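Structure first, commentary second.
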Amino acid sequence: MSNPTNPYAPDEPASVIFAEKTWLQGCVLNSVAYGTQFALFVGCASLLWQRTTAPNRVRNRLFMAYVCVMFGLGTVAMVSNAAFVQFAFITNRDYPGGPAAVENDFFAAPIDEGGNVAFVIQCWLADALLIWRYTVIYRGSRVPAWIVALWPSLILLGSIVTGVLWSIQISATSLHVHASQVVNWTIPFLSLTISLNILVTLAIVIRIQIYRLRLTRILGKHHASSYTGVVAMIVESAAIYSAFAIIVLVTFTINSSVLNIFLQAMSQVQTCTTLLIIYRVAQGRAWMTNTSDTIMSTLNAGTSGGSRARTMRLARAHLASGDDMLPHTYVLDTMTKEGQSTTQYSRELSGSSTDVQKAEIAVEVVQEMA
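Going by my numbering, the sequence shown wraps up at 1076, each residue one higher than the last.
Now the structure itself:
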């Protein structure tokens, strides 16, 4: 309809204009998320390259291949989305219903199909990584490992099946279901991949929070943040993507045009969360297969002995576990309480280039104190 206050406005209903705005805003958000993804990709690749040693060479090479594939898929999705927005707003500007109708009716266009396929594969790979993190964090629990991994693996399998069916469906029709179609595979696919992320996120947060409460109760709040802090919970659990995915699921369910803003950036945000996890792993700060054992050793050591003896037990427990992140704060605290100068120790720590070197220094100091 005409706009009396703006003679240059398109003669379209307000709902159509709003839908077109959301498509453009989604394209901008997608670009911002891709920029973040690029920065994380460079950071991950650089860190993995620098910290590759004989013991972790295979693991770091696998991670390097993974981040390259994820970044490549993200790039395909980004280029496809930008080209499709141009296709809708410029190439087919006069299509009945406007650019928003083009976005909804031309999902089978080759220019968009590549991005859709890249998005599906990204979901599978990101979900697989999250399940791996989940099984690592739940290692050592009373529940058998195969049971721990069973339910998310079944959801992932369902996501793969529905993802294939969705890709086939949108290659021949629009995102929205025609009356002749029985199933819109968009709903099962998005529901499975999003529910998997939300459920695994909750499981990881609960597990980390339990350890955090135990450490805080025995050692104090200051010493319980290496693997159980807020940042650790947010990164390890991919909470950022889960929150983003909930918005997508809600807006899709209520058929709101706001969906267009978040759906376009969904794959980029998911890739960003996976790269954050790998970056933390490359730093040696992520929860690894021996972390739960390390924490239990720390808890056992922290409940017995005096300050100096407890500090030595803590350091030795961490060293025996192969953990890079030794409790240097315990050493400093104990030295301060016993009236010893911490200047030399702090100077040696600041001159150390790796966490392993810092760990060796910490143990030497603790042994001297003992």
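Yeah, the Cβ is synthetic: ideal placement off N, Cα and C, and Gly gets one too. Quick caveat: nothing in here was measured; it's all calculated off a predicted structure.
query, result
"Once the 5 residues before and after V791 are set aside, which same chain residues still bring their CB inside 6 Å of it?", "C733"
"Checking 8 Å against the spacing of the C-beta atoms, do A806 and A725 come in under that value?", "yes"
"Return the chain-ordered list of same chain residues with a C-beta closer than 7 Å to the C-beta of A909, the five sequence neighbours on each side being excluded.", "Y840"
"Would you mind stating whether I827 and P858 have Cβ atoms separated by less than 8 Å?", "no"
"So F968 and T957 are in contact, right, with Cβ under 8 Å, and what is the actual spacing, rounded?", "7 Å"
"Hey, would you say S973 sits closer than 8 Å to G780, going by beta carbons?", "yes"
"In the DSSP assignment, find the alpha helix (DSSP H) that holds T959 and state where it starts and stops.", "945-959"
"Quick check: the region 849-866 against the region 897-912, are at least 3 beta-carbon pairs closer than 8 Å?", "yes"
"Return helix, strand or coil for Y740, following the three-state DSSP convention.", "helix"
"From L965 to N766, what does the alpha carbon distance come to, in whole angstroms?", "37 Å"
"Which residue from T892, V987, R918, L919 puts its Cα closest to that of T959?", "T892"
"My output table needs one value for W857: the three-state DSSP class, helix, strand or coil.", "helix"
"Using the rule of at least 16 other Cβ atoms within 10 Å of the residue's Cβ for burial, across every protein chain shown, is N961 buried or exposed?", "exposed"
"Would DSSP call T892 helix, strand or coil?", "helix"
"Grab the span of the alpha helix (DSSP H) containing S847 for me, first residue to last.", "It is not in any alpha helix (DSSP H) - S847 carries neither H nor E in the DSSP assignment."
"If you draw a straight line from the C-alpha of V808 to the C-alpha of I817, how long is it?", "12 Å"
"Note down, in chain order, each residue of its chain lying with its Cβ closer than 8 Å to the Cβ of L735, except the 5 sequence neighbours on either side.", "I967, F968, Q970, A971"
"Taking just the CA atoms, how far does W729 sit from G778?", "23 Å"
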